[in-house]
Structure formats: C-alpha cells, structure tokens
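**Student:** Structure below; questions to follow.
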Amino acid sequence: MPTRKPCIAAVVVAFGIFAGACGSGGESQPGGTAGSSPSQDAGSDASPPDGGAAGTGGGQTDGAAGAAGDAGVPDATDAPTDAPSDTPPGPGCSDSIQNGDETDVDCGGPSCPKCQDGKVCKSGVDCSSGACTSGICQAPTCTDGTHNGAESDVDCGGSSCPACANGKTCNSGQDCASTICTAGKCVAPTCTDNLKNGSETDVDCGGTTCAKCADGLACLVATDCESSQCTSQVCQPSGCTDGAWNGTETDVDCGGICPDCAIGKTCVKGTDCVTGVCTNNVCLAPSCYDGVKNGTESDLDCGSVCPGCGPGLACVAHSDCASNYCINDVCQAANCQDLIKNGDETGLDCGGSCAKCPAGQGCLKASDCLDGVCVNGTCAVATCTDGVKNGGEAALDCGGAACPPCPEGSTCTLNADCASGVCASGLCQAPACNDLVKNGAETDTDCGGPSCQKCGDNLHCAVASDCVSAVCTSSLCQSPKCTDSTKNGVETDIDCGGQVCPACGIGLACLVAADCTTGACTGNVCVASCTDGLKNGSETDVDCGGSCGKCATGKACSVAADCAGNVCQNGKCYAVLTGVTPAAGLPNFTIGTIAAQAGKSIRVVRLGICGDSDAASGQNRFAVSGAMAFSFAAGQAASPPVGGATYTLAPTPVTAGLGRGFSYLDVSRLGTVGQAATVVWNWHADWDGKFCSATDAAGTAYTDAASTVRAWLLYTYE
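This is the structure in structure tokens:
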C-alpha cells in the first residue's frame, strides 16, 4: 500500500470550484487525476495522457505537481458545468482505495467527488455526467434525461444538443429553437421580434404565421410572398399575367390595377368587374336593375334588352326608348303625331291618352276604340250586337240606318229609329191603336193583332182573328161567305144560320128556330125533333132511341133502353115472345104470335123453356109455325116422341131443388118475308108442380103459377 502524502487544497470561492494537488514523492496519482477538477465537463482541459500539467495544475508523471499552467487555479472559462459539492472530500477520498460509501476508487457516494465516465456508480448522482447506466457512469448525451455536458437545460442547448423548446433554460439564442433567449429562458418567436425564426422565411415574414414577404425577401413557396411569386427562394414582383392572385388584384390577374374581372370572380368594388357590378365581393352578370350601365344597355339600366329608356336618356336605336323614338342618340318623349306606337298608345298614335283608335288598331279596353269595342286586343267594327252604342245607332245596338229599330223608351232621332215607328221627345213610344202607324202587333194600321180592333175587308192580316170577317186569305181580310169555313157575317154558326146561309144542324148555334134544320132552337142550340123523319140528335134510328121514344124491334140501338123490347144486341133492337101454359091446359095451346112486318123477315136467335122441364119431368114441347116451322122441347122425352122436336134444350137447371130455372139454346131461324109466326104448346107429359121462378136472359124476372111451363123466344126483324 503506498504511503499517504500530505495534500494541499485550494478553494476558489468565486467560481465555486475545488482544486487540489497532492505530492506523491515522485509517484503519480492513480489515474493521473491528482491535478484535475473532481467533476471536469466537456469544456475543461483534460489531463494529457502522459500526466503533464496542460494549464490545469494536473498531476505530473514525474512528480512535478502544480508546477505548470495556472498553478492549480482555473479561470472562468475552465469552470465545469457541474460544480463539485461544497463539502470537502472526506477522509479517504484520496487514498486511492474504494472504501467508505464510494462507488469507485475515491469517487461517488455522498462524500466523495463524482466519478468520471466509466467509473462504477449506483445512480446518476454518483457521476459527473449525471448519467449512470448499468452501474457505470456514462458520457453526457442529448437523450440521457439529465442536464449535463454543455447542455443549457435537460438534453437541449449547448453546442451539441438540439435547441431547447420555449420555456427551457438558455444561455443564448443559439440554445433555443426559437433563437430567442430572454431572461435565461427560451421564448416563442413572434412576427415582430426582428428575427428570422419560427416558420418565417425571412425576418418577421413568410411561413405559416407571419405576413407575406415583400419582393426581394426570402421565400420557400409562393404563399410566402405578397406577390405569390417565389422564384429561386426569392419573392418576385407581381404582374397581371403571372397566373397568381397578387398585388392589388382582387382575383387572379384581374381587379385592382389589373384588367377588370370577369363574371363570378372576386372583387372589392364595381370597378374591379367588367360588368361594373360587385355584390358580396363577387362580380355579377349585368342586369337591368344593378344601377350600372353595362351589358348592351344604351343608358343606365335601360335600352336594348332592358326596359326602354325615358326621354333624355341615351339610345342607339328607337327600340332603346320607352317612346320607341330615338333622335340623335337621345330618347324623345312620346307624342300622338310621331307615327310611332309609343307612350300609352294602344295603336299607332291612337288609344290611351291619344285619340281613339279606328277598327283594326290595337287596344287594351273599349275606351281606346272609336267604336268602343275592343276584342282580343284589337278595335272591332261597330255591329248591332256588340253591346255598345256606336256607329250610327240611335240607342244601344238599335236604330239608325243599319240596326233594327229600337224598343219603346229608347233614345231616337227619327220615327224610323223606333220599332213602334213613333219617336216623340227623343224617345221611342209604345205602339198604340190610334197612332196612325202600323206598329206593335198590328197587322195593318191601328188594327189586327191581339190588342187592336179587327181589320176590315182587304186590310192586312196574319190570322183569321185579325179580321172582322174572321177570314184571312193571302194575308188579306176577306168578305164573309157561306163557304169560307168561318162563322162570320150574320151566321149563327160556321157557314149556317142567319138570313143568308143555310139552316144549321143539330148541336149548332142558333138564334131562332129558322136557323135550325130541325126547326127546333133550344137554348140557342139546334136540337133534334123526334118527328122530322131524320136520324139525328141522340137518336139511334130515325126518330127513335136516345132522347126520342123507344125503337121498334129491328131498329138500331145503343143500349137496351133504346128498344121497345128492352133488348139491344149487336146494335139492333130485339123482342121477347113469352107465355105460360094454363095450369090445366091441353096441348095445342097458343102461347103467342110474332107479328109480321112488310118487307121484313122474322129472325129467331134464342129459345128458352122454364119450369117443370128438368130431367125428372115429363117433356114439354113448343111448335113454331107460319113464317117458319120448327119445334123445341125440354124435359124427359115422351115415349113415343110426339112431333119430333127440332131443337132439344138441356134440362131446365134445378133451382133450389125445384127445377124452376131457364134453359136456353141459341139458334138462327129466318122466316119468310112479310109473314107472322105462331108459337103453340103442343106436348105435355105430366105435371110435377115445378113452375118457372127465374130471371130470363133479358133480365126480366118471372114467378109463374104452379103447374105451368113458360115458353121464351128472342127475335128481331131483318
């Protein structure tokens, strides 16, 4: 173990630096560090390899400790970055032995100087570099998280590390990324710090934050320059053809002192735009309401495609003017003699405030037209149906030479203006039957029609009622005639009666009996006479039927009441021949006779038997002789039959079990002309007491005595 030598130490208080040199009696200190600072930084003068004292008073290999250099007292430039502890090294910090709390020989721990790079350490506080990695002190780096070496703050500043961020400690502007060190701290760059810093491309201009740079200053891109022109990293002067928006331009190469901008480009005022219209900083297309004379306008907002210009404004053509009248490039006021349709005219120099327009000219309303009729924008020729008093009309659509005459109450000038032909006090009068004018419904002057008196012969008429004679032929009233099919003159009815024409027939009007063919006038009507030898009136045959007496058998009839026999069939009167057998009579009893009529034949059409002739009774037979010959029977047949009946009637129907009803048979027997016929009861079998008690086919009721049989025949004459 080497002998411990006395050690001389000097403390330079002003620098806070401890320096010491220990003699070794010709031996050098281990590591050759006896003459150096305990924590020498990158700015110190390190001991040479051969142990010489290069101006630091370091240990000498040959034992000449502190004999050269600065005699062991360093100046300010030799001060280490990390000053040693003010606590002097404890005993043993120079015994060349790792002992005590040292982490390496004579260094480290809380008492001894910090260890140099490569020495053993426990933490950064043991190392002069402040960096202890894997138990070994490391040389200072810019990423060791320690303020060491030449750094002005942790891992930044100094000559080797990156510049420090704003807020970090600095010694000069070179330590700062902003290049600005104020009061020992890095501060952010500004655009007014008179330094080129931050993103600036030149002092206080360019980059992303500051104003653009003037011509001639440094730039990186066009946006760094006021001119937007950056060539060879120098801002160039702006131009109106450089394809950039710069200078006084309001858009690329236009506006400001450059040519006016096109529609849609950016602008500041109207003079920046070719249209002179800048609205919301955009050049707009010309319009007729933009307050600028632009486009094809001949004056401000008028002319060409815009509304016509008023008087006194500029024009190029007539069409530029509201008046359509341009003289010497100035619009003239419209007038009614300029041969131009202008102003409020609806036609050429007419309509509106000018004179009314003739037919064919334009119009907006009726008052624009001479005839007061405007149809589809054109004045129309006056007509008698246009609803306007125009042309030569005396009143609305009437009167004058062309239109129909006017009704009463209309204005008029002449009688001819009026339908009544009477114009008095300027008004058409109503027709009257005493105005000496053929008017109203009159067919001739003051006669005819529904209101006036009837017209005399040879005056005009429309219908028969217009004439006194009630005969209108060929529109003229005729004299009365007995053949004119009209009741006129003294006639009491049409073409009859009176003193001139023939007498009237039944039902026609009459005044006296002489007016009637029947010689009977009742209640001013000719009535029939039942003795006039005529079939008339209500008669169904000559002088019988209807209101006259009943007609004989064979005469015409309408109802049974017309006939004497009370039977009317097929329009002819029939009669009934009937009779009963006596209670104790014998056969061949005459029932009755049908009288003969000259020139007529008897026609029998129905036969009947009533009473005691049913199926249980003995047969009763009747024979007809004279004009005709036949017989008829009913009841049980006789044995042997008697007389051979021609007609057999069905048995008499039983009435209330008594066999008292009628049995009928229709026949058609025509007798000899002018001969009578007789009916005889010619056969009787027995009596059963079943007398006739029934109503016959003509509606006559019978109730005969007991033990009788009734024969019944219906006949007429032909």
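Just so we're aligned: 347 in my numbering is position 297 of the sequence shown, and the numbers increase by one with no gaps anywhere. Don't be surprised by glycine CBs; every beta carbon is placed ideally from N, CA and C. A quick note: this is a predicted structure, and the numbers were derived from the prediction, not measured.
Count the CB pairs spanning the segment 459-477 and the segment 487-503 that are closer than 8 Å, and state whether there are at least three.
**Tutor:** yes
**Student:** Residues bridged to Leu657 by DSSP?
**Tutor:** For Leu657, which the question treats as bridged, DSSP gives the partners Leu715 and Leu763.
**Student:** Between which residues of its own chain and Gly427 is the CB-CB distance below 7 Å, once the five residues before and five after are set aside?
**Tutor:** Gly412 and Cys413
**Student:** Under a three-way DSSP split, which group does Asn670 fall into?
**Tutor:** It is a strand residue.
**Student:** Classify Gly223 as helix, strand or coil using the three-state DSSP reduction.
**Tutor:** Secondary structure of Gly223 (DSSP, three-state): helix.
**Student:** The beta strand (DSSP E) spanning Gln770 covers which residue range?
**Tutor:** This structure does not reach residue 770, given that the chain is present from 51 up to 768, and the question cannot be answered.
**Student:** Mind checking whether Cys462 and Gly449 have CB atoms under 8 Å apart?
**Tutor:** yes
**Student:** Relative to the C-alpha of Gln479, which residue among Ala491, Asp467 and Glu458 is closest?
**Tutor:** Glu458
**Student:** Helix, strand or coil: which one does DSSP assign to Asp467?
**Tutor:** helix
**Student:** Could you please give the first and the last residue of the uninterrupted beta strand (DSSP E) stretch that includes Cys308?
**Tutor:** Looking at the DSSP string, Cys308 is not in any beta strand (DSSP E), and its letter there is neither H nor E.
**Student:** Of all the options Phe639, Thr325, Cys404 and Ser354, which has the alpha carbon lying nearest to the alpha carbon of Gly341?
**Tutor:** Thr325
**Student:** Flag this pair as yes or no: are the beta carbons of Ala687 and Gln669 separated by less than 8 Å?
**Tutor:** Taking 8 Å as the Cβ cut-off, Ala687 and Gln669 qualify as a contacting pair.
**Student:** With which residues is Val380 paired in a DSSP beta bridge?
**Tutor:** Ala364 and Ile377
**Student:** Under 8 Å by Cβ, that's how I've got Ser675 and Ser713 pegged, so tell me the actual separation to the nearest angstrom.
**Tutor:** Actually they are not in contact, since the Cβ atoms of Ser675 and Ser713 sit about 22 Å apart, beyond 8 Å.
**Student:** Would you tell me roughly how many angstroms separate the C-alpha atoms of Asp754 and Ser743, rounded to the nearest one?
**Tutor:** Taking the straight line joining both Cα atoms gives about 6 Å.
**Student:** Can you name, in chain order, every residue of its own chain whose Cβ lies under 6 Å from the Cβ of Asp310, other than the five neighbours on each side?
**Tutor:** Cys323 and Val324
**Student:** Would you call the CB atoms of Val366 and Ser337 closer than 8 Å?
**Tutor:** Cβ atoms of Val366 and Ser337: not closer than 8 Å.
**Student:** Quick one, which of Thr298, Ala312 and Ile313 has its alpha-carbon nearest Gly306's?
**Tutor:** Thr298
**Student:** If the criterion is Cβ atoms closer than 8 Å, does the pair Val284 and Cys269 meet it?
**Tutor:** yes
**Student:** Can you have a look at Val61 and say buried or exposed, based on whether 16 or more other CB atoms are within 10 angstroms of its CB?
**Tutor:** Legend: pLDDT at Val61 = 30, less than 50; position of this residue unreliable, no value from coordinates given.
**Student:** From the DSSP output, in three-state form, read off Ser282 for me.
**Tutor:** coil
**Student:** Going by the DSSP bridge assignment, what does Lys218 pair with across the sheet?
**Tutor:** None; Lys218 has no bridge partner.
**Student:** Does DSSP classify Thr321 as helix, strand or coil?
**Tutor:** helix
**Student:** Could you name the residues that DSSP lists as bridge partners for Ala727?
**Tutor:** Ala727 is bridged to Ile644 and Gly676.
**Student:** Quick check on DSSP: helix, strand or coil for Asp243?
**Tutor:** coil
**Student:** Determine the direct distance from the alpha carbon of Gly547 to that of Cys468, and round the result to whole angstroms.
**Tutor:** 46 Å
**Student:** Count the other CB atoms within 10 Å of the CB of Ile556; is the residue buried (16 or more) or exposed (fewer)?
**Tutor:** buried
**Student:** Rounding to the nearest angstrom, what Cα-Cα distance links Ile147 and Thr196 in this structure?
**Tutor:** Roughly 29 Å between the two C-alpha positions.
**Student:** Would you kindly work out how many angstroms separate the C-alpha atoms of Thr83 and Gly174, rounded to a whole number?
**Tutor:** Interpretation of Thr83 is limited by its pLDDT of 35, a score under 50 that renders its predicted location unreliable; no figure is taken from the coordinates.
**Student:** I'd like the list of long-range same chain contacts for Cys407, defined as Cβ closer than 7 Å, with 5 residues on each side in sequence excluded.
**Tutor:** Exclusion of the five residues before and after Cys407 leaves Thr396, Gly397, Cys400, Gly401, Cys413, Asp418, Cys419, Leu420 and Cys429 as the residues of its chain whose Cβ lies within less than 7 Å of its Cβ.
**Student:** Can you tell me whether Asp205 is buried or exposed, with buried defined as 16 or more other CB within 10 angstroms of its CB?
**Tutor:** buried
**Student:** Taking the C-alpha atoms as reference points, what is the distance between Ile644 and Thr536?
**Tutor:** 53 Å
**Student:** If you check the beta carbons only, do Gly621 and Cys607 fall under 8 Å apart?
**Tutor:** yes
**Student:** Please report the distance separating the alpha-carbon of Ala570 from that of Ala564.
**Tutor:** 8 Å
**Student:** Of the choices Gln286, Pro481, His368 and Val626, whose alpha-carbon is the least far from that of Thr750?
**Tutor:** Val626
**Student:** Measuring alpha carbon to alpha carbon, tell me which residue in Ala684, Tyr765 and Ser222 is nearest Arg656.
**Tutor:** Tyr765
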